[in-house]
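Participant:
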Amino acid sequence: MSNIPGEHNTDADMALVASAQQGDLSAFESLVAKHQKRMLNIAFRIIGEYEDACEVVQDAFLSAYRNLRGFRAESKFSTWLTAITVNLSRNRLRRVVLRQKREPLSLDAPIMTNDGEVMPDPPSKNPSVLDRMERQDRSQKVQDCIKALEHDFREVLILRDLQDFSYEEIGVMLKVAAGTVKSRLFRARESVKACLKKALGEL
C-alpha cells in the first residue's frame, strides 16, 4: 500500500492488483477500464498514429497481466504500467518511422484523431466550422511540434505537461535521475515554443 499523501487512487489500484495477482480476472479488467484511456493518450502522443497506439496499449496491458505476479509495488501501478506503455510506444515509433519512409504520402488519406477518422461535421450553430477548423489546425501544429522532438524529450514533455506525472515518477519510468527529467523537460518546452512561434507567430 502507498503511504504517499493524497494518493487515494493508489490504494484502490493496489487492492485491485492484489486481487488480480490471486487470479481475479475482473479485478484486472477494472484496472484496464481505469487506465486504458490515459495509456492510449500517452501512446498516441508518442507515436502519432492512432491504430498503432491502440495496438501498443493492448500489448501493454497484456504484458502487464503476464508480469503482474512480479509487480512488487515498489512504485505505483500507474507508474509501472506507464513505463511499459512508453517502452512499447518507443519501439513501435521506430517501426512507424521506417514504414512512413517506405510509403508515399497520400493527400487523400483520412486524417486520424484520438477518436478515429475525421468525419464530416453536421450543421451546427456553435462553434462555427471555421472556428473548429482553426482550433484543429492549432492543435495539429502543437502535435506536429511535439512529434518533431527527439523521443527522449518528447516522452518527458508528454508525461509531465500532458499527463502530470511527477519528476520522480517519470525518472522511475525512464530510468533516469529526476534532474535529468527536469533538464530534458526544459529543452523540450523551449523547442516546442520555438516551433510554435515559427508555425503560429509570436506567442
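Numbering (numbering that gives the first Met the number 0), first residue to last: 0 to 202.
Using N, Cα and C, we set each Cβ at its ideal position, and we do this for glycine too.
With contact counted as at least three CB pairs below 8 Å, one residue from each stretch, are the region 59-71 and the region 81-100 in contact?
Facilitator: yes
Participant: Indicate whether Arg153 and Ile169 have their beta-carbon atoms separated by less than 9 Å.
Facilitator: no
Participant: Grab me the residues of Ala198's own chain with a C-beta within less than 6 Å of its C-beta, minus the 5 sequence neighbours each way, in chain order.
Facilitator: Lys140
Participant: Within 10 angstroms of the Cβ of Leu24, are there 16 or more other Cβ atoms? Answer buried if so, exposed if not.
Facilitator: exposed
Participant: Does the Cβ-Cβ distance between Leu67 and Val31 come in under 9 Å?
Facilitator: no
Participant: Three-state secondary structure (DSSP) at Asn66?
Facilitator: coil
Participant: May I ask which residues mark the beginning and end of the alpha helix (DSSP H) holding Leu173?
Facilitator: Tyr166 to Leu173
Participant: Closer than 8 Å by C-beta to Ile46: which residues in its own chain qualify, once you throw out the five before and the five after it? Chain order, please.
Facilitator: Ala52, Val55, Ser88, Arg91, Leu92 and Val95
Participant: Going along the chain, which residues of its own chain have a beta-carbon closer than 6 Å to the beta-carbon of Leu184, five neighbours each way excluded?
Facilitator: Val155 and Arg159
Participant: What does the Cβ neighbour count give for Leu97, buried or exposed, with the cut at 16 atoms within 10 Å?
Facilitator: exposed
Participant: By Cβ distance below 6 Å, which residues in the same chain neighbour Ala203 in space, the five residues on each side in sequence not counted?
Facilitator: Outside the shown range of the chain (0 to 202) lies residue 203, about which nothing can therefore be said.
Participant: Are Ser74 and His34 closer than 9 Å when you measure CB to CB?
Facilitator: Cβ atoms of Ser74 and His34: not closer than 9 Å.
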